[in-house]
Structures are given as C-alpha cells and as structure tokens.
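Participant: Pasting in a structure now, in structure tokens, and then I'll have a few things to ask.
Numbering (this note's numbering), first residue to last: 12 to 580.
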C-alpha cells in the first residue's frame, strides 16, 4: 500500500461500509428476519462519532492498531507495536546479525534500495496511515458528545501519537511531508503535489517539538490504573522532545557543525524530564526488561500481559541446543566493547584476558549476552566444538549461532522455548526510560559546555546501578564524548538506539564498514578452549546514502514522481 493509496483505501473503506449499511437497512426493512445479523468485526464512522465510548476506543487503537476489549472497555493495555516480528533493529547495526536473515542481511551488506528495503520498508506507509487516522479523529472530535475534559485529553493523546509517528519518519528519512491536520478525501486534487512536498528537517523537528510543548500540560503526570498504561503521559511527551532535540543538535542534522544553542536546548529538554522527580533508575538492570508492570524507570512502553501475545522471544532467540532458532545474534564487535569489571578496556592482546574472555566483565554483559559457559536453564551454554550442544554439533544445527553468541536481554527463563504457542510473553517493550534521558542530558551538556559535575553525575549514576566504577576525574570534552558514546552502546544495547546513534554522530561509515565478527571456540581433549575471531556475515558495507532510508519506489510512483527521493538512491 503506497502513500496515496494508503489515504484512498481508508477513505474508500468508510464509503463502502456506509453503502453496505444502507443496503442492509433496506433489505431488512422489507423482511426483518432475512438478515438479522449485526457485524462484529467492523465499526462505521457514523457509529464511532455517535458513541463516546467507541470514539475513545478508536483513539486508543491508534497506539496499537488492534486492541482487545471487554464490554466495560477494558482490555490489552495500549502501546505502539514493535514494528518487527523476529528481526530486531539491532540486526541492522554492529550489535547483531539475524541468524536466518529475515530481510536484514541486504541492509547490512549495503544492498538497500527503493525497490528492496527489507525490514526497513514499513515506516513510510504505516506512519502516514497512522497520521491520517489521527487527523480524522482530530477533525471530528467536536462532533462527539463528550465532556470538555475528555475531549481535551483525547486531543492531546492524538497529537502525541502523531508526533511519535513523525519522529519515526524524521529519524529514518530526514525530510518528510508535513500534512498538518489535513485528511485527504476522495476527489481531492493530487496533481499539484501538495501532498508530496517534503519539508526541511528543521521544519519537521520544530513542528513536532511545538506539538509536544502544546500538549504536555494536558497529559496526565502518571496513570492511576493498569489499563491506562501505554497511553501518553506528560513524561512521555517530554522524553520524545528530549530525544528529538538531541538528534536535532547532532552532526547528521546540522550538516556537521556544532551549535551550542541547539545542544543547550537538548540538555534543557532532558532536564525537564529529570525535574519532574517522577522517574529513577530501577535497581536491577536485567530484571528491568522482564517486569510485567511499570517500573520507576519506565517512561513510555508497550505493555503486554497474559491476554496479549507477542513475538515469542525465547524460541526466536534461544540457542539451538534448547530448541531455539538463534535469532538476533550478538556480534563480537559488541562483546569486545564491554569493559572489564574494574573499568579497564578488554583486549585480546592481554594474555590473561584472552585466556578467559568472559570473566570479570561489566555486569551488563551477563544480563545481555549468552556466551560459552553461561548458566542458562539448568546447564551451561555450549558453543564450542566438537560436541557443544549449542554449536553446529548440537541438535537443530541449522539454527546454530553464526557468531558464537545468543541474546539474553529481554529473555524470560520462566517461559518455554519449545512449543511456546499459546503462552503469552509478558516482557514489555520500553520506548523511553530514565537511563536514556540521563544519557541524553550528559551528551547534550557535554557538547554545549564541557564535562561539568552534572555530566559526571548522570553517567556515574548509570554505571553505579550497573555495578561499574565511576568515571575517572579530569576528562576533557573529547574524552567525555567517547565515554558517553560508549555508555550508550552498552546501556542501551538491543533497544534500537545504536542504528540511529551512529548515523546522527556521522560515524556509521566507520562502525558499519567493520567486519561483522563472531567467535569460534575449540575445546581440546584436556578441556582447554581456543578462541578464534571469525567473520559471521560476509560483505558488510555502508555508503553515504545509507544515512537515510530510501522512500519505497511504490510511493514515488504513486505520487507521479512528485515525491522527491533521498540523495544517491
């Protein structure tokens, strides 16, 4: 479905439904017993606008797209869908590769094109479809019988959802089409190209930030019931603003220049979240991603519970010896970046480290990655050869890790790997958490004015929670920049930040052109291990055009070539 067709299909569906309803009324008025059936799988726009409960459900559905509710209107807590089934965004970076491709390899190998977008082809169409649906609700909310306070809240939520969708568009495509509150109708004139004119990146960011500033006061500080979790709050709006302003100050967005004022604005946006006094770092880093409800660190998330199935992370990412499919496999590139427990840098050139590479590492390593010898589900992981249960010598060897590692972060050992169907995963998907805000603040403040004590405090609080030593005193701005970037890589691993970080820093031409490395481990008859670095995926390549995604060719064609493609595609 393309940009124009997305709008037109939704509109046409409304018209078809109304026609069908009219025909049904005429037929049944002649013979009331002929077809005395009320459709249960669709709701007309007339019904939505005449029933405040249905309208509220429509708004909440814009977070997710599908929401299961009971007759009281309660059901699966809302929240944006993750957007991908099995391949995570980490498997388009130097964090991981996906074991069985899942349309990720072509992006890592530099084969991305408007005709071949892999798992990255969903953003344009799904974002504009969502924006169109939000605009429909905003343009008709005054027709709904509802209290002024109820309308005020729903308007703020709708504008938050639209802002979130524009965030996805901006950080993936750069210049985007700002449609405002417009809802195209059948018969609208598309020939002038007004629906396809892309605005400068700064205009897009300014628009979203102004929307967030306007709605933040109208959103609740926090939710009082579990059924409201996943809906927008003031903290969520401020966190989104913090992220966008951090991006806006970064080299990719400024043309490589450093503007102290932009960094100051980003630092202030993060400080606004901190000053709410509502959020704090959750004590246990690993458990943070397994908690079923909200935590002190969670600002905005997609919540799951026993009534809502989502991707079965355990079988999708588990080791083959346990019946898993491998899935998103951590790269040696990431493993080597975890510090030693004393804060020193790991090095294969250090004989003691090279002999026992998985001992005495940053505690976050053990919460994120399954490695040879890791304790998991009642035994140790065995990626060595010959004979390792989780190696190519183990069962289901077509699912053996190509990197020698498996993912542990987000994985709940209490949920089954084998035959998990019908068993709901309860791990939430966190979009904004307090640690990101602290990292945003530290980066922006350091770039604006250097590493003052507040920068140290922000980073050290994250390291202290992880059980790592404090940063050394006396770092200059460049040294602190390197430390902050390292901390983001480790703290936010697999949370879909790395892809955007290396691009906004304009370092992807270095990081994404490094070989995708793994480890091959050989066990001797005496039980000793020999470690050899291997290439896990051939042909990793990144070129200048890959800083932005290409707009899918079908969208360009649907605009009669009025929609301008990103450079070099």
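Where is the CB? At the ideal position from N, CA and C, for every residue including glycine.
I'd like to know whether the C-beta atoms of residue 209 and residue 188 end up nearer to each other than 8 Å.
Facilitator: Closer than 8 Å, so yes.
Participant: Could you give the distance in angstroms between the alpha-carbon of residue 307 and the alpha-carbon of residue 238?
Facilitator: Roughly 18 Å separates the two Cα atoms.
Participant: First and last residue of the beta strand (DSSP E) that includes residue 440?
Facilitator: Looking at the DSSP string, the run of the beta strand (DSSP E) that includes residue 440 is 440–444.
Participant: Could you have a look at residue 309 and say whether DSSP puts it in helix, strand or coil?
Facilitator: Of the three classes helix, strand and coil, the one that applies to residue 309 here is strand, per DSSP.
Participant: Give the straight-line distance between the Cα atoms of residue 73 and residue 508, rounded to the nearest whole angstrom.
Facilitator: Spanning the two alpha carbons is a distance of roughly 24 Å.
Participant: Which partner residues does residue 528 have in the DSSP bridge list?
Facilitator: BP columns for residue 528 point to 546.
Participant: Identify the residues that DSSP records as bridge partners of residue 387: which are they?
Facilitator: DSSP lists 390 as partners of residue 387.
Participant: Taking the alpha carbon of residue 222 as the reference point, which residue from 240, 519, 176 has its own alpha carbon closest?
Facilitator: Residue 176 is the option with its Cα nearest to residue 222.
Participant: According to the neighbour-count rule (16 or more other Cβ atoms, all chains shown, within 10 Å of its Cβ), is residue 235 buried or exposed?
Facilitator: Its Cβ having fewer than 16 others within 10 Å, residue 235 is exposed.
Participant: So, under 8 Å CB-CB, residue 531 and residue 340 are touching, yes? Tell me the CB distance rounded to an integer number of Å.
Facilitator: With 8 Å as the limit, residue 531 and residue 340 do not qualify as a contact, their Cβ atoms being about 14 Å apart.
Participant: Is residue 228 helix, strand or coil by DSSP?
Facilitator: The answer is helix: DSSP assigns residue 228 an H, G or I state.
Participant: Can you give me the Cβ contacts of residue 389 inside the same chain, cut-off strictly under 7 Å, excluding the 5 residues immediately before and after it?
Facilitator: Nothing listed; no residue qualifies.
Participant: Could you check where the beta strand (DSSP E) with residue 362 kicks off and where it finishes?
Facilitator: Counting along the chain, residue 362 falls outside any beta strand (DSSP E), though it belongs to the alpha helix (DSSP H) covering 362–366.
Participant: Let me check understanding here. Comparing Cα to Cα, which of 349, 533, 449 lies closest to residue 479?
Facilitator: Here the closest residue by C-alpha is 349.
Participant: Please say whether residue 116 and residue 562 have beta carbons closer to each other than 8 Å?
Facilitator: Not in contact: residue 562 and residue 116 (Cβ atoms no closer than 8 Å).
Participant: Using CA atoms only, rank isn't needed, just tell me which of 482, 459, 125, 460 is closest to residue 468.
Facilitator: Of the listed residues, the one whose Cα sits closest to residue 468 is 482.
Participant: I'd like to know whether the C-beta atoms of residue 377 and residue 392 end up nearer to each other than 8 Å.
Facilitator: The answer is no: Cβ separation not under 8 Å.
Participant: By the 10 Å Cβ neighbour count, where 16 or more other Cβ atoms means buried, how is residue 529 classified, buried or exposed?
Facilitator: Answer is buried; the Cβ neighbour count reaches 16.
Participant: Could you work out which residue in 178, 570, 542 is closest to residue 416 when comparing CA atoms only?
Facilitator: Here the closest residue by C-alpha is 542.
Participant: Which residue spans inside the segment 114–160 form an unbroken alpha helix (DSSP H) run of at least 4?
Facilitator: Here the runs fully enclosed are 116–119, 134–151.
Participant: Quick check on residue 571: does DSSP put it in helix, strand or coil?
Facilitator: Coil at residue 571, not helix or strand.
Participant: Since residue 422 and residue 446 are thought to touch, with beta carbons under 8 Å apart, how far apart are those beta carbons, to the nearest angstrom?
Facilitator: Not a contact, Cβ separation roughly 19 Å.
Participant: Do the segment 439–453 and the segment 274–293 meet, that is, are 3 or more Cβ pairs less than 8 Å apart?
Facilitator: Touching, yes, given that three or more Cβ pairs across the two stretches are closer than 8 Å.
Participant: Just the Cα atoms here: how many angstroms apart are residue 4 and residue 164?
Facilitator: For the chain, the structure presents residues 12 to 580; residue 4 sits outside this window and is missing.
Participant: How would you write the range of the alpha helix (DSSP H) that residue 263 sits in, first residue to last?
Facilitator: First-last of the alpha helix (DSSP H) with residue 263: 262–265.
Participant: Helix, strand or coil, according to DSSP, for residue 209 in the structure here?
Facilitator: Residue 209: strand per DSSP, three-state reduction.
Participant: Could you give the residue range of the beta strand (DSSP E) that holds residue 341?
Facilitator: Run containing residue 341: 339–341, per the beta strand (DSSP E) assignment.
Participant: Could you tell me whether the Cβ atoms of residue 457 and residue 488 are closer together than 8 Å?
Facilitator: Yes, the pair counts as a contact, with Cβ atoms nearer than the cut-off.
Participant: Taking the alpha-carbon positions, what's the residue 66 to residue 155 distance?
Facilitator: Cα-Cα distance, rounded: 8 Å.
Participant: Tell me the rounded alpha-carbon separation between residue 559 and residue 185.
Facilitator: Between residue 559 and residue 185, the C-alpha separation is close to 7 Å.
Participant: Would you check if there are 3 or more beta carbon pairs closer than 8 Å linking the segment 493–506 to the segment 322–334?
Facilitator: Segments in contact, no.
Participant: Comparing alpha-carbon positions, which option in 419, 303, 462, 492 lies nearest residue 374?
Facilitator: Cα-wise, what sits closest to residue 374 is 419.
Participant: Name the DSSP beta bridge partners of residue 346, please?
Facilitator: None; residue 346 has no bridge partner.
Participant: According to the Cβ coordinates, are residue 138 and residue 580 closer than 8 Å?
Facilitator: Not a contact, by the Cβ cut-off of 8 Å.
Participant: Going by beta-carbon coordinates alone, are residue 403 and residue 411 separated by less than 8 Å?
Facilitator: Going by C-beta atoms, residue 403 is nearer than 8 Å to residue 411.
Participant: Within its chain, find whatever has a CB closer than 6 Å to the CB of residue 206; leave out the 5 residues flanking it on each side and keep chain order.
Facilitator: So the list is empty, once near-sequence residues are dropped.
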